[in-house]
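The block underneath contains the structure these notes are about, expressed in structure tokens.
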């Protein structure tokens, strides 16, 4: 708005969009924009101009637009909460950023960055993580993504002594609990048990039944490969399956 455009406008204000002229306008959480504001934003994108309050003419604005959201805009369009024409104007080059749990290889570098950043802010010196603490943090699912990771490190720094090595006792309770409930590693090969208090023919029959389906599963149904795994001929496997 221009100076004097309304009561209290004691000085002119260029506005966020005009301030980005010649650069990049970043629209964070675009899915939260209200329905009454969406057509105004669409008009700006299509005409590349804004009309400040109190000015007779619209002003051209040259900006590159980047919009971000964690919402499913297609579902919002179907529900009538987001304009489809605005979505199509914004969705020129969509970039999908996977959640943090799908790019765990980035976690150590992020942890190092935030440990240094918040360590300097809180004057805690060089705080580091023990190997066990790093394992907890690598295996956590991080539903809040990088914001949650940053807040966790900020919390760790607040609790840690200067230049300390962080042990798992300083981690959030939910992170400690998630590490304890991880499934144990599966055995390399499945096993079977045979009762000893049964006739020998029944025991042999049980032993012959189980390996066949397992070998076929390992070979993805290829009979020749399954027979090789079992150490018998293709015909032998066929006869055992029929029997």
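Residue numbers (the numbering used here): 793 to 1035.
Think of the CB as a built atom: it goes at the ideal place given N, C-alpha and C, for glycine as much as any other residue.
Being a predicted model, the structure only gives us computed values, none of them experimental.
In summary, residue 822 is buried, with 16 or more beta-carbon neighbours lying within 10 Å of its beta-carbon over all protein chains present.
Around the beta-carbon of residue 880, fewer than 16 other beta-carbon atoms lie within 10 Å, marking it exposed. Annotation: the continuous alpha helix (DSSP H) that includes residue 929 extends over 923-931. In this structure, residue 986 sits away from residue 955, with a CB-CB distance that is not shorter than 8 Å.
Shortest Cα-Cα distance from residue 970 to any of 1006, 990, 932 involves 932. Residue burial annotation: residue 996 is exposed, with fewer than 16 other C-beta atoms found within 10 angstroms of its C-beta. Rounded to whole angstroms, residue 1032 and residue 1023 show a C-alpha spacing of 13 Å. Between residue 946 and residue 910, the C-beta spacing is below 8 Å.
According to DSSP, residue pairing for residue 819 in a beta bridge involves 859. Judged by their CB atoms, residue 794 and residue 847 are nearer to each other than the 8 Å cut-off. For the pair residue 884 and residue 816, the CB atoms are not nearer than the 8 Å cut-off. Looking at 801, 914, 944, the one whose alpha-carbon comes closest to that of residue 899 is 944. Rounded to whole angstroms, residue 1010 and residue 1001 show a C-alpha spacing of 15 Å. Within the same chain, Cβ atoms closer than 6 Å to the Cβ of residue 855 are found at 812, 817, the five residues on either side in sequence being excluded. Residue environment analysis places residue 949 among the buried positions, since at least 16 neighbouring C-beta atoms fall within 10 angstroms of its C-beta. Residue 882 and residue 796 have their alpha carbons spaced roughly 34 Å apart.
Assignment of residue 958 by DSSP, reduced to helix, strand and coil, places it in the strand class.
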